[in-house]
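J.:
2 protein chains.
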Amino acid sequence: MRVKSDMASLTREKLAQAAALVAATDLDVWMTFVRETAEGGDPVLPLILEGGLTWQSALIVYRDGRKVAIVGNYDADPLAASGDWDDVVPYVQSIREPLTAAIPAGARVGLNFSESDDKADGLTHGMYRLLEGMLPDRQLVSAEPVVLALRGRKTPEEIRRMREAIQETDRLFADIAAFARFGRSEREVYDHVHALVKERGMSFSWDPAGDPIVNSGPNSMIGHGIPSAEIKIEEGHVFHVDLGITKDGYSSDIQRCWYVGTAVPEDVQAGMDAVNAAITAAAEALRPGQPGWTVDEAARSAIVAHGYPEYLHAVGHQVGRKAHDGGTLLGPRWERYGNSPLQAVQEDEVYTLELGVTLPGRGYIGIEEMVRVTSDGCEWLSERQLSMPCLA
Amino acid sequence: MRVKSDMASLTREKLAQAAALVAATDLDVWMTFVRETAEGGDPVLPLILEGGLTWQSALIVYRDGRKVAIVGNYDADPLAASGDWDDVVPYVQSIREPLTAAIPAGARVGLNFSESDDKADGLTHGMYRLLEGMLPDRQLVSAEPVVLALRGRKTPEEIRRMREAIQETDRLFADIAAFARFGRSEREVYDHVHALVKERGMSFSWDPAGDPIVNSGPNSMIGHGIPSAEIKIEEGHVFHVDLGITKDGYSSDIQRCWYVGTAVPEDVQAGMDAVNAAITAAAEALRPGQPGWTVDEAARSAIVAHGYPEYLHAVGHQVGRKAHDGGTLLGPRWERYGNSPLQAVQEDEVYTLELGVTLPGRGYIGIEEMVRVTSDGCEWLSERQLSMPCLA
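Residue numbers (numbering that gives the first Met the number 0), protein chains in the order written: chain A, 0 to 391; chain B, 0 to 391.
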């Protein structure tokens, strides 16, 4: 729970990256405007600040690289102590005066709102209305390009932490394979993973009520269901786990599956091969400059060509601080995805590649890998699961 | 981390309360509109839903009491299984069609936005813009009165959980008194509390980087500072701790202090008496119907009458799921508090009563108690600290 001493270098590294990103846009300033962040707050906050903020607070990065924090007087000392900010301006009664002084009339102000991306959409509507009132004669526009690039393009330190999270996830999958057997319920597997994650001082990369997702056989709830105490692992099932953990602030998101029995039947083998062929097709399509939807289309065509139905989600999403980390999506051009699948893939983004097929009478074969985008393609961060082990 | 089985009764109890609150307004529907809630999401969500939601989701309560959830297809099964919703409508490609079908043209739609209250301000600006596009010809207005009453007015089950959280906090203060002594640093005390809270399976009610706040002597950072490894407990110090924990989803927020030495000096005793006189004045002013600022003014006048400066915060805030739980504030009519201090206190709200004075050469004397508003006054939930114990 405590702020690590190496957090300081991470926030400073990300603030420097932010200044460069602002300078590459037509924004005069990028402003993160928050209050009472203890309950979550703006998703961009942990990238640029240790700890929390209580009263209305403005974290401002100017296009010339200057960084100014305007915060309630009780929050000022730790911010000043961090050394990350050129100026920390405390206030007692109202932020209006220091804020209007900091943002000149006519300025083009990038704010954290976005219709298509929740990770660039940390500004609440009430806070937006407050800004409208306090900052007339300024242009309040979306800072989506800055926020998404800041979040998506991982620094070496961020990649190092993600590799560690993946390593811990692999270890948990080995523990799961040792624990799962005939007669164990989905819920028992879930409880076992929760005990291990707690013991190892880690947390979950999505809502822990549905992490891990555990499915055994054809009657299980696929997706973000709650693991069942009634459904038990039985011969002939496909046993499937979707697990993500967070370590040192960075996350994993991986799916693995097993056949319950002594020999993998032909239909299960065929399903597994089709899923992996589609993941390979996605990886081959993934490189900087590609719009996200083209990568999804490569996988979608491959699974259909193998005679299976289309999956009802995106073939890949970015991973970072959370399992679903926003930004460009490797997904179809469906309305609910907004612009996310239209944007271009960039170097140093980390994506999942994931899909599955449901086999009648068997269950769900789902595989999810993690990759980093390189200058001309991608590298696997997870070790691919290409064959289906047996559980008995 | 797991959803408790008694959560179901809590969400159902709160949804029934919500329906009654909507019927008492001029709203046709109250709608909570969220996506990707794993990173926090709308603060009202845990009151009405177990677990999380991934795609754009609308949780709708009509004024006739009907409750409808429109969610991505992977989230539908657990919602249907909860039994809390009259109808769960799953979608795959876009929420637009089921949403426009659910909200008739001309309807007055209460949404979770508020300029003055973060706990009623869970709708992001990007999500508001989406709704504007999808729901033309509807009136989109603030649902602040519904959300604040739902959150503020505690049910018996909520009060029961808060009493437990307070009991655990008292136990931690006893542990702190046993651990703190000459030469221990603020940071060591903080670390000790973190170890105990982890061991007891609880969490912190505000950002754990600054919970507990630990201050010893005149050179400590008051407020939301990070406890110092350099500042140690020394003779003549006032030693002060502000601590809040969360247990079963409900929180405490309490301040206690000690004098470091063998006998409490006169100036420390006088400061302590003044602080408690002001807290008593606040408690005597607190009852249903009072605007929050009048309670603050009672305490503020009392501390000034005792010859100490005004405190730079509100004398009380609501506590519930979090330490700072929004709604009516027992605070001065300063701009940054918006309308919160103008609203009337209601029965079954839980407040802190808190303030302090800084003594030159000694440190900060701060006391914070917790009270529940009754039909004609308030009852103490915490056992008041009226005298100053010695630490040595």
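All C-beta atoms in this analysis are idealised placements derived from N, C-alpha and C, irrespective of residue type, glycine included.
Keep in mind that this is a model prediction, so the values were computed, not measured.
1) What's the gap between the Cα of residue 93/B and the Cα of residue 34/B?
2) CA-CA distance, residue 368/A and residue 151/A?
3) Would residue 353/A pass as a contact of residue 254/A if the rule is Cβ separation under 8 Å?
4) Compile a chain-ordered list of the residues in the segment 79-106 of chain A whose CB is closer than 7 Å to at least one CB of chain B.
5) With H, G and I counted as helix, E and B as strand and the rest as coil, what does DSSP make of residue 10/B?
6) Would residue 91/B be called buried (16 or more neighbouring beta carbons within 10 Å of its own) or exposed?
7) Quick one: does residue 72/A have its CB under 8 Å from some CB of chain B?
8) Under a Cβ-count criterion, where at least 16 other Cβ atoms within 10 Å of its own Cβ denotes burial, should residue 194/B be classed as buried or exposed?
9) Is there at least one Cβ from chain A nearer than 8 Å to residue 327/B's Cβ?
10) Using a 10 Å radius around the Cβ and a threshold of 16 neighbouring Cβ atoms, would you call residue 387/A buried or exposed?
11) Please report the residue range of the beta strand (DSSP E) in which residue 238/A lies.
12) Listed in chain order, which residues of the segment 118-132 of chain A have Cβ atoms closer than 9 Å to some Cβ of chain B?
13) Taking 8 Å as the threshold (C-beta atoms), are residue 294/A and residue 252/A in contact?
14) Can you round the beta-carbon distance between residue 133/A and residue 99/A to whole angstroms, since I take them to be within the 8 Å contact cut?
15) Measuring only between beta-carbons, confirm whether residue 66/B sits less than 8 Å from chain A.
16) Could I get the ranges of all uninterrupted beta strand (DSSP E) runs contained in the segment 39-106 of chain B, with 3 residues as the minimum, in chain order?
17) Looking at the C-beta of residue 76/B, does it have a partner C-beta in chain A at a distance below 8 Å?
18) According to the neighbour-count rule (16 or more other Cβ atoms, all chains shown, within 10 Å of its Cβ), is residue 373/A buried or exposed?
19) Within its chain, find whatever has a CB closer than 6 Å to the CB of residue 347/B; leave out the 5 residues flanking it on each side and keep chain order.
20) Can you tell me whether residue 137/A is helix, strand or coil according to DSSP?
21) Please give me, in chain order, every unbroken run of the beta strand (DSSP E) with length at least 3 that falls completely inside the segment 288-358 of chain B.
22) Does the beta carbon of residue 191/A sit closer than 8 Å to a beta carbon anywhere in chain B?
23) Leaving out five residues before and five after residue 20/B in sequence, what residues of the same chain have Cβ atoms less than 7 Å from its Cβ?
24) Using only the alpha-carbon positions, how far apart do residue 57/B and residue 233/A sit?
25) Is it the case that the CB of residue 186/A approaches a heavy atom of the ligand GTP more closely than 7 Å?
26) Could you say if the segment 47-66 of chain A and the segment 9-16 of chain A meet the contact criterion of at least three C-beta pairs nearer than 8 Å?
27) Mind checking residue 198/A: buried by the 16 CB within 10 Å criterion, or exposed?
28) Below 6 Å CB to CB, which residues in the same chain sit around residue 26/A once its five sequence neighbours on both sides are set aside?
29) Using the rule of at least 16 other Cβ atoms within 10 Å of the residue's Cβ for burial, across every protein chain shown, is residue 277/A buried or exposed?
30) Quick check for students: name the residue ranges of the beta strand (DSSP E) that lie wholly in the segment 164-201 of chain A, counting only runs of 3 or more.
31) Note down the Cα distance separating residue 370/A from residue 79/B, rounded to an integer number of angstroms.
T.: Reading from the atomic positions:
1) The residue you call residue 93/B lines up with position 94 of the second sequence. The residue you call residue 34/B lines up with position 35 of the second sequence. Approximately 13 Å, taken between the alpha carbons.
2) Locating residue 368/A in the first sequence gives position 369, where the first residue counts as 1. Locating residue 151/A in the first sequence gives position 152, where the first residue counts as 1. One C-alpha to the other measures close to 17 Å.
3) Working through the first sequence from its first residue, we reach residue 353/A at position 354. Working through the first sequence from its first residue, we reach residue 254/A at position 255. Yes, these two residues count as a Cβ contact at 8 Å.
4) Taking 7 Å as the Cβ-Cβ cut-off against chain B, the residues of the segment 79-106 of chain A that qualify are 91, 92, 93, 94, 95.
5) Residue numbering aside, residue 10/B sits at position 11 when the second sequence is read from its first letter. If DSSP states are grouped into helix, strand and coil, residue 10/B belongs with the helices.
6) Residue numbering aside, residue 91/B sits at position 92 when the second sequence is read from its first letter. Under this definition residue 91/B is an exposed residue.
7) Here residue 72/A is taken as the residue at index 73 of the first sequence, counted from 1. Residue 72/A has a beta carbon lying within less than 8 Å of a beta carbon in chain B.
8) Along the second sequence, read from residue 1 onward, the residue named residue 194/B stands at position 195. When all chains shown are included, residue 194/B counts as exposed.
9) If you number the second sequence from 1, residue 327/B lands on position 328. No, no contact with chain A.
10) Within the first sequence, numbered from 1, the residue matching residue 387/A stands at position 388. That one is buried.
11) Indexing the first sequence from 1 puts residue 238/A at position 239. Residue 238/A -> beta strand (DSSP E) spans 237-242.
12) Within the segment 118-132 of chain A, contact with chain B at the beta-carbon level (separation under 9 Å) is assigned to 118, 119, 120, 121, 122, 123, 124, 125, 126, 127, 128, 129, 132.
13) Stepping through the first sequence from its first residue, residue 252/A is reached at position 253. Stepping through the first sequence from its first residue, residue 294/A is reached at position 295. No, Cβ-Cβ distance for residue 252/A and residue 294/A is not below 8 Å.
14) Indexing the first sequence from 1 puts residue 133/A at position 134. Indexing the first sequence from 1 puts residue 99/A at position 100. Correct: roughly 6 Å between the Cβ atoms.
15) Against the second sequence, residue 66/B aligns to sequence position 67. No - not a single Cβ of chain A is within 8 Å of the one on residue 66/B.
16) Restricting attention to beta strand (DSSP E) runs no shorter than 3 residues, the segment 39-106 of chain B encloses them at 56-61, 66-71, 86-90, ordered along the chain.
17) The residue you call residue 76/B lines up with position 77 of the second sequence. Taking Cβ atoms only, chain A reaches closer than 8 Å to residue 76/B, which makes this a yes.
18) Counting from 1 along the first sequence, the entry for residue 373/A is found at position 374. With fewer than 16 Cβ atoms within 10 Å of its Cβ, residue 373/A is classed as exposed.
19) Along the second sequence, read from residue 1 onward, the residue named residue 347/B stands at position 348. Shown here for residue 347/B: same chain residues with a beta carbon closer than 6 Å to its own, the five before and five after excluded, namely 152, 153 in chain order.
20) Here residue 137/A refers to the residue found at position 138 of the first sequence. Here residue 137/A sits in coil by DSSP.
21) If only complete runs of 3 or more residues are kept, the segment 288-358 of chain B shows the beta strand (DSSP E) at 349-358, in order along the chain.
22) For the purposes of this step, residue 191/A is taken as residue 192 along the first sequence, with counting starting at 1. At least 8 Å separates the CB of residue 191/A from every CB of chain B.
23) Residue 20/B sits at position 21 when you count from the first residue of the second sequence. The residues are 145, 148, 149.
24) The count along the second sequence starts at 1 and reaches residue 57/B at position 58. The count along the first sequence starts at 1 and reaches residue 233/A at position 234. Straight-line measurement puts the Cα of residue 233/A at about 37 Å from the Cα of residue 57/B.
25) In terms of ligand content, the structure shown is empty, and the ligand GTP therefore cannot be addressed.
26) The segment 47-66 of chain A makes contact with the segment 9-16 of chain A: 3 or more CB pairs, one atom from each, lie closer than 8 Å.
27) Along the first sequence, one-based indexing puts residue 198/A at 199. Counting Cβ neighbours within 10 Å, residue 198/A comes out exposed, since fewer than 16 surround it.
28) One-based indexing of the first sequence puts residue 26/A at position 27. Excluding five sequence positions before and after residue 26/A, the CB atoms of its chain that fall closer than 6 Å to its own CB belong to 107, 109, given in chain order.
29) To locate residue 277/A, count along the first sequence from 1; it is residue 278. By the 10 Å Cβ count, residue 277/A comes out buried.
30) Within the segment 164-201 of chain A, no complete beta strand (DSSP E) segment of 3 residues or longer occurs.
31) Counting from 1 along the first sequence, the entry for residue 370/A is found at position 371. Counting from 1 along the second sequence, the entry for residue 79/B is found at position 80. Taking the straight line from one Cα to the other gives about 35 Å.
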